[in-house]
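Asker:
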Amino acid sequence: MPSREKPPVTVELRADSATREVIDMADGIDRIMGNRALYARMLKRFRSDYALGAVPIGAALADGDTILAHRLAHTLKGAAGLIGARRLHQQASTLELAIRTNPPAQLAALAALVDPFYQVLHLLDQVLAGGAPDGMATEVPQRTLMQDPALLARLVQLLIDADGAAVDLLEESGASLRVILGEARLAQLTKAVNDFDFDGALRALRQTES
Numbered sequence: 014m015p016s017r018e019k020p021p022v023t024v025e026l027r028a029d030s031a032t033r034e035v036i037d038m039a040d041g042i043d044r045i046m047g048n049r050a051l052y053a054r055m056l057k058r059f060r061s062d063y064a065l066g067a068v069p070i071g072a073a074l075a076d077g078d079t080i081l082a083h084r085l086a087h088t089l090k091g092a093a094g095l096i097g098a099r100r101l102h103q104q105a106s107t108l109e110l111a112i113r114t115n116p117p118a119q120l121a122a123l124a125a126l127v128d129p130f131y132q133v134l135h136l137l138d139q140v141l142a143g144g145a146p147d148g149m150a151t152e153v154p155q156r157t158l159m160q161d162p163a164l165l166a167r168l169v170q171l172l173i174d175a176d177g178a179a180v181d182l183l184e185e186s187g188a189s190l191r192v193i194l195g196e197a198r199l200a201q202l203t204k205a206v207n208d209f210d211f212d213g214a215l216r217a218l219r220q221t222e223s
């Protein structure tokens, strides 16, 4: 039986000033020689690849894997620039530089990525036909996913500083952390923090999930 061809990806192209602040679609189309069909596919691919926003970068930083975090930030910078998401491109560039040259500035740069990332993904949900891609974790509020990288990085800093405020942070943000860490690892982390075993908490946070 012959396979059916997938319908072409369609996108609602916009040129209003509010849209251009988030994604300059005319610029993105110009970058690929005016090929609108290809640009629509690129937008859909971006929406799929970055459904979790900056969470992977934040998780890599939390794990102490700056090489991976730098690579992810660099890739994001290129992808955002290609589709015309200028503000996101700029913030990703700032984060990439901070990871490479200024570790104390990483948390602020990661937090600054939250809002432009959310705006880009929210806009793509509006303009792409069919809405969000299959497989997206729709049961988790998107805004929460966007905020998790900064939250996770803040928890790591509190543990490094042996700051008892980590107890309060776990109580306030347990639901968000459960999304990233899973039930078992969060329980292990919470026990260590409640025992003020900050080194043990860091080990629980950084261990590779099976």
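Everything in the sequence shown is counted per the numbering used here, starting at 14 for the first residue and increasing by one. Where a beta carbon is used, it is the ideal one built from N, C-alpha and C, also for glycine. Bear in mind that the values here come from a model prediction, so they are computed numbers and not experimental data.
Note down, in chain order, each residue of its chain lying with its Cβ closer than 8 Å to the Cβ of D40, except the 5 sequence neighbours on either side.
Answerer: Excluding sequence neighbours, D40 sits near G97 and R99.
Asker: Quick one: what's got a C-beta closer than 6 Å to F211's C-beta in the same chain, skipping five residues either side?
Answerer: Hits under 6 Å: L172 and A175.
Asker: Check whether the Cβ atoms of A205 and A197 sit closer than 9 Å, and answer yes or no.
Answerer: Cβ distance not < 9 Å, so A205 and A197 don't count as in contact.
Asker: Label R156 either buried or exposed according to how many other C-beta atoms from any shown protein chain fall within 10 Å of its C-beta, with 16 as the threshold for buried.
Answerer: Because the pLDDT at R156 is just 46, under 50, the model does not fix this residue reliably, and the value given afterwards should be weighed accordingly. Under this definition R156 is an exposed residue.
Asker: Taking the continuous alpha helix (DSSP H) assigned at F209, which residues delimit it?
Answerer: Segment: none, F209 is in no alpha helix (DSSP H) and carries neither H nor E.
Asker: Here's a check: name, in chain order, each residue in its chain whose Cβ is nearer than 6 Å to the Cβ of A125, leaving out the five neighbours to either side.
Answerer: So the qualifying residues of the chain are Q104.
Asker: Does any residue of chain D have a CB that is nearer than 9 Å to the CB of H102?
Answerer: Structure shown: chain D not included; a single protein chain is present.
Asker: Bridge partners of V24, per DSSP?
Answerer: Paired residues: L141.
Asker: Are T32 and L136 closer than 9 Å when you measure CB to CB?
Answerer: Contact: yes.
Asker: May I have the straight-line CA-CA distance separating R58 from T203, to the nearest angstrom?
Answerer: Their backbone Cα atoms lie some 37 Å apart in a straight line.
Asker: Are the segment 68 to 82 and the segment 44 to 54 touching, with three or more C-beta to C-beta distances below 8 Å?
Answerer: At 8 Å Cβ cutoff, the stretches do not touch.
Asker: Can you give me the C-alpha to C-alpha distance between E185 and I112, rounded to a whole angstrom?
Answerer: Spanning the two alpha carbons is a distance of roughly 28 Å.
Asker: Look at L56 and V24 and say whether their C-beta atoms are less than 9 Å apart.
Answerer: A contact, by the Cβ cut-off of 9 Å.
Asker: In chain order, which continuous runs of the alpha helix (DSSP H) of length 4 or greater are located wholly inside the segment 83 to 136?
Answerer: You should have 99 to 114.
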